[in-house]
Each structure stands twice: as structure tokens, then as C-alpha cells.
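One line per chain: the protein sequences are A and B, in this order. Residue numbers for the first sequence follow my numbering, so the first one is 38 and each next one is one higher. Residue numbers for the second sequence follow my numbering, so the first one is 30 and each next one is one higher. This report concerns only the one structure given below.
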Amino acid sequence: MARGDLKLIGLRPSPFVNRVQYALNLKSAEYEFIEEKFGSKSELLLRSNPIHKKVPVLIHSEKPLCESLVILEYIDEVWTSSPSILPSDPRDRAVARFWAAYIDDKWYPLLKEIRMAQGEEAKLAAVQGVEEGLGLLEEAFENISKGRSFFGGDSIGYLDLAFGCFLGWLRAVEEVADIKLLVGEKTPQLAGWAERFCSHDAVKGVMPKTEMLVEIAKILQAMAKAPSPPS
Amino acid sequence: MEEVKLLGTWSSPFSYRVLWALELKGIPYQYTEEDLYNKSPFLVKCNPVHKKIPVLVHGGKPICESMVILEYLDGPWPHNPLLPSDPYERAVARFWAKFADDKGTVIWTMFRSTGEEQKEAVKGSLEMLRTIEDLALGDKKFFGGERIGMVDLAFGALAHWLGVFEEIVGIRLLEPESFPRLHKWTKNFKEEPAIKENLPDKDKMLSNFRCLREKLLASP
Chain A
38 MARGDLKLIG LRPSPFVNRV QYALNLKSAE YEFIEEKFGS KSELLLRSNP
88 IHKKVPVLIH SEKPLCESLV ILEYIDEVWT SSPSILPSDP RDRAVARFWA
138 AYIDDKWYPL LKEIRMAQGE EAKLAAVQGV EEGLGLLEEA FENISKGRSF
188 FGGDSIGYLD LAFGCFLGWL RAVEEVADIK LLVGEKTPQL AGWAERFCSH
238 DAVKGVMPKT EMLVEIAKIL QAMAKAPSPP S
Chain B
30 MEEVKLLGTW SSPFSYRVLW ALELKGIPYQ YTEEDLYNKS PFLVKCNPVH
80 KKIPVLVHGG KPICESMVIL EYLDGPWPHN PLLPSDPYER AVARFWAKFA
130 DDKGTVIWTM FRSTGEEQKE AVKGSLEMLR TIEDLALGDK KFFGGERIGM
180 VDLAFGALAH WLGVFEEIVG IRLLEPESFP RLHKWTKNFK EEPAIKENLP
230 DKDKMLSNFR CLREKLLASP
């Protein structure tokens with residue numbers, strides 16, 4: 038069991054921050070949560086992540102770690118107690134990393150685009166992209182889980198964390214945009230997985246409530262439409 | 030020993046990241062040059078999601094995305110590791126590898142644009158180089174320390190492709206006086222036999238990318 042000061046700088050509504058929280062909970066690692074204020078960046082954050090100035094930042098024994106997926110790998114390597122976050126087989130790890138990169142680089146930006154899109158055409162294109170992605174992930178789930186509860190098998194793993202962290206925002210976007218994206222009829226395995234993920238002990242106390250995310254989404258939408266003040 | 034195949038293209042730095050890694054580890058492989066304007070059914074089968082190179086096929090199973098492939102290689106071939114063994118140093122390496130991927134595109138933007146867009150991209154490229162110069166390399170010979178590692182391969186485009194782009198657009202970014210550490214690194218990197226013997230021909234690159242730039246600027 039690793040010892041040492043453990044702090045997480047974050048914002049509670051951030052799915053990238055939630056990823057790290059879920060991982061720490063999975064490992065039963067105790068940490069101090071340092072909440073950033075929305076709209077301003079603390080000295081500690083700027084010092085700890087001078088390059089990107091973003092959350093999450095995990096500070097372990099005074100050493101800062103940035104980038105949520107990088108942090109997940111670090112947590113798994115330092116807290117070696119079960120459950121493991123990364124699969125043990127190198128090929129399975131490669132598959133998990135591939136899909137995590139797809140989710141971060143392609144899928145989540147499309148989800149955000151639904152919320153931020155100016156105009157019906159742009160919104161529809163984003164919805165189509167998100168739905169196509171869910172179709173791919175449904176197939177991936179079937180291949181990877183091999184009949185078990187999670188991408189990681191019997192317990193939550195790296196890909197569950199990489200994807201599951203966005204479920205709160207997915208529900209919020211569905212409500213704000215008045216659409217259904219994750220539906221049991223189209224992607225039954227993902228729908229089942231989503232329920233299991235959200236009700237997991239490591240997740241349920243942390244995942245932000247949909248109502249809060251809907252409020253934030255509406256604020257962000259209004260900010261995008263209004264002329265931006267000099268920052 | 031299961032067969033290793035690499036699907037790549039001669040002009041792609043992403044393809045070379047993997048090729049260099051295979052050479053550094055002494056892993057025998059079969060290389061297939063892909064035509065990206067006429068993608069092979071095999072490539073599409075191996076990478077149905079992105080239909081892109083590079084793809085590593087190991088024992089018949091494909092692995093896609095250059096950095097995912099680099100992470101993979103240390104598993105079955107642990108000698109000459111691409112990543113350090115200490116968890117914190119591994120996290121630092123992964124951070125810089127991601128930085129190379131996320132920020133590196135600004136150099137491509139500089140190459141394929143003109144006017145205001147290019148000016149912004151030049152500014153972004155210089156900021157990126159400044160960050161690497163000041164924060165990533167330190168006084169080490171390579172990002173990986175004494176030996177080339179994953180981060181060196183991730184930044185490989187800076188050592189060979191950047192010079193070609195600079196010549197074509199007529200803008201010099203990586204000045205030795207402004208970026209002494211990075212400049213020295215490009216020399217050290219290209220001296221390593223595994224790299225030196227595996228670099229695309231510069232004249233061929235100039236011709237190819239000059240053509241490509243014209244095409245990109247001509248299309249709407």
C-alpha cells in the first residue's frame with residue numbers, strides 16, 4: 038500500500054476529474070479533494086500544471102501528475118491492490134487504450150458539440166456522430182467483456198472509467214437537447230453496463246447529479262451565444 | 030515467435046514512430062506500404078474505426094494508434110524498454126507523449142495554411158517548441174535519458190519532418206540559438222543507427238510535401 042500525501046485538484050462536474058475519483062475509490066485510496074472555483078485558476082493549479090493549467094491534477098508526495106488517463110495508469114501502478122484497473126494482457130491493454138483514445142479524441146467532442154452546436158444541421162451531425170460511436174462501443178463491449186459485467190470484466194477497469202465518466206453528461210445533454218442517445222433498444226449491452234457502472238460503490242457517491250449538469254450546460258450554452266467579454 | 034507486420038506509409042512520422050521502435054528493439058517485421066488514396070481491404074479490416082496507418086499486426090491481431098502500439102511493444106519485448114520502470118517517470122513520459130500528439134498538429138496547420146491562419150499556427154508552434162525546450166528535455170541527451178525512449182519517438186517528427194516543412198513554407202522555427210537543447214537533440218536523435226538508417230529521403234519528402242501543400246491550398 039503506497040503511503041504519502043495524496044491530493045486531487047479538481048472541479049466536481051468535470052468528467053475527467055470524476056475518472057480519477059472513481060479510480061482512487063476503487064483502490065480505497067484516501068485523498069484530499071481541492072476544489073477549484075469555476076472561472077478562475079488557483080495558484081496551486083497553475084504551479085502544478087503550468088503547461089495546460091487544467092484539472093485534474095493528482096499530487097502524490099508533492100509530485101504533480103496531469104492528464105486523467107495518465108493518472109489512471111499511475112494509480113494502477115502504485116496501488117497494486119486489486120482490483121486492477123488495466124488488464125494484465127498487453128493486447129487487452131492496447132485495446133482498452135485504443136478505445137479510451139477514441140472516446141476522448143472523437144466521441145466526447147461530438148457529445149459536447151450537441152450541447153454547443155449553433156444551428157440544427159450542426160446539432161444533427163453531432164447527434165449522428167455520437168450515435169455511431171455508441172454503436173461501435175456496443176460492439177466493443179460485446180467483444181471485450183465476453184459476457185461479463187464491465188469492459189474490465191467482473192470489476193470496473195480502465196475503459197469503464199474512460200467511458201463511464203461521461204454518463205452523467207450524456208444524460209444532461211439528452212435532457213438539454215431533448216433527445217435520447219443511449220437507448221436500450223439500440224445498444225442494449227451498453228444500457229445495461231451504464232446502469233451497473235452508475236450504481237457501483239466507487240461511482241455513485243461521486244457522479245454529479247444530472248440536474249446540476251443540466252444547469253451548468255444551460256449556463257455554458259448561454260455563455261457561448263453571448264459575445265464573450267475579454268478574459 | 031508470432032509474426033509481426035507493420036502497415037505504414039513512407040512519408041508519415043506516425044508510421045516511423047513504430048518502425049523506429051521495432052528497429053530499436055531488434056524485432057523482425059514485415060513492412061507493407063499502404064496507399065492512403067486507395068486503402069487496401071486488409072488495412073480497412075485491421076482498422077475499421079479510423080482506417081489509418083500505422084497498424085501493427087502481431088500474430089494476426091491488429092493494434093492501432095502509434096502511441097498505443099509503442100506502449101504495447103514493451104509487453105512482449107521488454108528488452109530496450111521504451112518506457113522507464115518508475116511509475117512517476119512513466120507518468121511524466123506519458124504526459125509528454127500526449128503533449129506531442131495533442132500539440133504537434135499545430136505544425137501541420139502551419140504547413141497547410143497561409144495568411145492569418147498560418148501566422149497563428151507559427152505562434153502556436155513556437156510556443157510548443159519553447160515548452161519542450163524549457164520543460165521537457167532538461168540536460169539529458171534524450172527525453173528517455175541515455176537511451177531513446179517513447180517520448181523521443183513521439184517527438185520524432187521535429188527531427189526530420191519539421192525541417193522539410195520549414196523549407197517548403199519558408200519559415201524557420203527551430204533556430205539553434207533559440208532552442209539549443211532541442212536542436213542538439215535533433216542531431217543526437219538522427220545519429221542513432223536505428224534512426225539514421227531509417228529516415229525517408231529528404232529530397233523525396235520535399236517533392237512530395239510541396240505537391241501536397243499545393244493540393245491542400247487549392248482545394249476549398
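Virtual Cβ for every residue (Gly too), placed ideally from N, Cα, C.
Interface flag, residue i vs chain A, CB-CB below 9 Å
i	result
B:Pro83	no
B:Tyr58	no
B:Ser248	no
B:Leu166	no
B:Thr29	Outside the displayed range of chain B (30 to 249) lies residue 29 of chain B, so it cannot be described from this structure.
B:Cys75	no
B:Lys127	yes
B:Val97	yes
B:Pro222	no
B:Lys177	Contrary to the premise, residue 177 of chain B reads as Ile rather than Lys in this sequence. It does not: the Cβ of B:Ile177 has no partner Cβ on chain A nearer than 9 Å.
B:Cys93	yes
B:His87	yes
B:Lys34	no
B:Leu155	no
B:Lys12	This structure leaves residue 12 of chain B out entirely; chain B is present only between 30 and 249.
Option nearest residue i by Cα separation, candidates the options
i	options	result
B:Phe140	B:Arg239, B:Lys34, B:Glu156 and B:Lys132	B:Arg239
A:Phe70	A:Val243, A:Pro120 and A:Val210	A:Val243
A:Ile46	A:Glu158, A:Ser119 and A:Ser105	A:Ser105
A:Arg208	A:Ala239, A:Leu63, A:Glu169 and A:Ile253	A:Ile253
B:Asn76	B:Pro110, B:Leu35 and B:Met30	B:Leu35
A:Ala162	A:Ile96, A:Leu173, A:Pro146 and A:Leu174	A:Pro146
A:Phe234	A:Ile151, A:Tyr195 and A:Phe75	A:Tyr195
B:Leu187	B:Thr38, B:Trp39, B:Arg46 and B:Val33	B:Arg46
B:Gly133	B:Glu156, B:Thr143, B:His108 and B:Ser114	B:Glu156
B:Leu99	B:Pro91, B:Leu111 and B:Ser41	B:Leu111
A:Val94	A:Ser65, A:Arg56, A:Ser125 and A:Glu158	A:Arg56
A:Ile108	B:Leu245, B:Ala120, B:Val73 and B:Leu235	B:Ala120
B:Asn237	B:Ile224, B:Trp190 and B:Arg210	B:Trp190
B:Leu228	B:His79, B:Pro42 and B:Lys148	B:Pro42
B:Trp49	B:Gly104, B:Asp181, B:Ser154 and B:Val193	B:Asp181
B:Phe184	B:Ser207, B:Lys219, B:Asp168 and B:Asp115	B:Lys219
B:Gln147	B:Ile56, B:Phe194, B:Leu53 and B:Ser95	B:Phe194
A:Asp129	B:Asp168, B:His79, B:Leu102 and B:Asn217	B:Leu102
A:Glu72	A:Ala231, A:Pro87, A:Asp141 and A:Leu81	A:Leu81
CB contact below 9 Å: residue i versus chain B
i	result
A:His97	yes
A:Pro52	no
A:Cys103	yes
A:Phe135	yes
A:Leu43	no
A:Ile122	no
A:Ile151	no
A:Ala214	no
A:Ala131	yes
A:Lys100	yes
A:Leu198	no
A:Val57	no
A:Val107	yes
A:Met38	Residue confidence for A:Met38 is low, a pLDDT of 43 falling below 50, so the modelled location carries little weight; the figure read from the coordinates is stated next. Chain B contact via Cβ: absent.
Residue i - containing alpha helix (DSSP H), residue span
i	result
A:Cys202	Looking at the DSSP string, A:Cys202 is not in any alpha helix (DSSP H), and its letter there is neither H nor E.
A:Lys262	Thr247 to Lys262
B:Glu319	Because chain B in this structure spans residues 30 to 249, residue 319 of chain B falls outside the shown range and cannot be described.
A:Phe135	Pro127 to Tyr139
B:Thr215	Pro209 to Glu220
A:Phe178	Glu157 to Ser182
Span of the beta strand (DSSP E) around residue i
i	result
B:Thr38	Where B:Thr38 is concerned, there is no enclosing beta strand (DSSP E), given that its DSSP letter is neither H nor E.
B:Leu187	No beta strand (DSSP E) holds B:Leu187; the alpha helix (DSSP H) holding it covers Gly185 to Val198.
B:Lys251	Past the edges of chain B, shown from 30 to 249, lies residue 251 of chain B, and the structure says nothing about it.
A:Leu43	Leu43 to Gly47
A:Leu227	No beta strand (DSSP E) contains A:Leu227, which is instead part of the alpha helix (DSSP H) from Pro225 to Cys235.
A:Pro101	Lys100 to Cys103
A:Ile151	Unbroken run through A:Ile151 is the alpha helix (DSSP H), Tyr145 to Met153; no beta strand (DSSP E).
B:Leu85	Val84 to His87
A:Ile96	Val94 to His97
B:Ile56	Careful: B:Ile56 lies outside any beta strand (DSSP E) and carries neither H nor E.
Under 8 Å from the C-beta of residue i: neighbouring residues of chain B
i	result
A:Val115	Pro116
A:Leu173	Val78
A:Glu110	Arg119, Ala120 and Arg123
A:Ile88	Phe128, Thr160 and Leu164
Amino acids of chain B, ordered along the chain, whose beta-carbon sits closer than 7 Å to that of residue i
i	result
A:Pro127	Tyr101, Gly104 and Pro105
A:Tyr139	Val78
Short CB-CB distance (under 9 Å) between residue i and chain D
i	result
B:Glu196	Looking at the structure shown, chain D is missing, and the protein chains on hand are A and B.
Requested in this report: Only counting runs of 4 or more residues, tell me where the alpha helix (DSSP H) segments fall wholly within the segment 100–166 of chain B, in order along the chain.
Outcome: 116–141 and 144–160
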